[in-house]
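Using our numbering, the letters of the sequence shown correspond one by one to residues 409 to 580.
Virtual Cβ for every residue (Gly too), placed ideally from N, Cα, C.
Predicted model only: the values in this text are computed from it and were never measured.
Structure first, then comments.
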Amino acid sequence: MASVLAGALVMATFLVTSVLMFHAFLTTSLMQSQALRDQIQVNVAKRGSGLTITGAAVTNPGNGDAWVHVDNTGSQSVPDFSEMDVILQYTDTEDVLRLTYLTYNASGVGPNQWTVSATGVQPDTFNPGIWDSDETLAIDLRVSPAIKSGATGQVVVGTPWGVSDQSLVSNP
């Protein structure tokens, strides 16, 4: 009787372990499948997007103000500017190399922030307020501390689709 009970216990342990391992395998497979679907969606969106920085300059050397003009050369629209990335690498007035991520502020520019300039998106005829293909986005930004006089920085602008471009920004 003891050997039958021991055998049943071994079989029950084996079955429970098998069920748990199969459940873990299925759960992991489902998570990998979902991650692959998400990556495919990102790749499809990224393939249709593109941008080109057409100009960038410091507008007020004393307080770190600059502007950047960016053309949407892809087929993807950008409806939410807060999902974009603007990064500036520069030398400040104290000769310190800075790498600054600028946050979006829809109401205006503040220290280490960027906003869409008063001219906005040009020409904004198709979807007003949305940055569509073949339109130019004008960005105003401010870094603190300011960019050193005579120094050149580098600005990077990225879309929610993972596409970016970079350009030099010179402070006269």
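Cβ pair residue i, residue j closer than 7 Å
i: L545; j: Q562; result: no
i: W569; j: S457; result: yes
i: G472; j: R550; result: yes
i: V565; j: V494; result: yes
i: L434; j: D573; result: no
i: I461; j: V450; result: no
i: S525; j: P469; result: no
Selected residue, minimal CA-CA separation from residue i, among the options
i: M492; options: D500, Y509, E502, S483; result: Y509
i: L496; options: P553, W569, I448; result: P553
i: D540; options: H477, T481, G566; result: T481
i: V571; options: S578, V486, L428, A420; result: V486
i: D503; options: V524, Q530, I555, T527; result: I555
i: A514; options: R506, D488, F534; result: D488
i: G528; options: Q521, T436, P519, I538; result: I538
i: T567; options: S490, L505, L423, F534; result: S490
i: Q530; options: T421, E543, P536; result: E543
Residue environment, residue i, which counts as buried when at least 16 other CB atoms sit within 10 Å
i: A414; result: exposed
i: H431; result: exposed
i: V412; result: exposed
i: I448; result: exposed
i: N579; result: buried
i: T523; result: buried
i: V466; result: buried
Beta-carbon separation (whole angstroms), residue i vs residue j, contact threshold 8 Å
i: A559; j: T511; result: Not really, about 23 Å apart at Cβ, beyond 8 Å.
i: W475; j: D548; result: 6 Å
Any C-beta of chain C under 7 Å from that of residue i
i: S441; result: Note that chain C does not occur in the displayed structure, where there is just one protein chain.
Problem set entry | Sequence ranges, beta strand (DSSP E) only - wholly within the region 468-523, length at least 3 | 473-480, 493-499, 505-512
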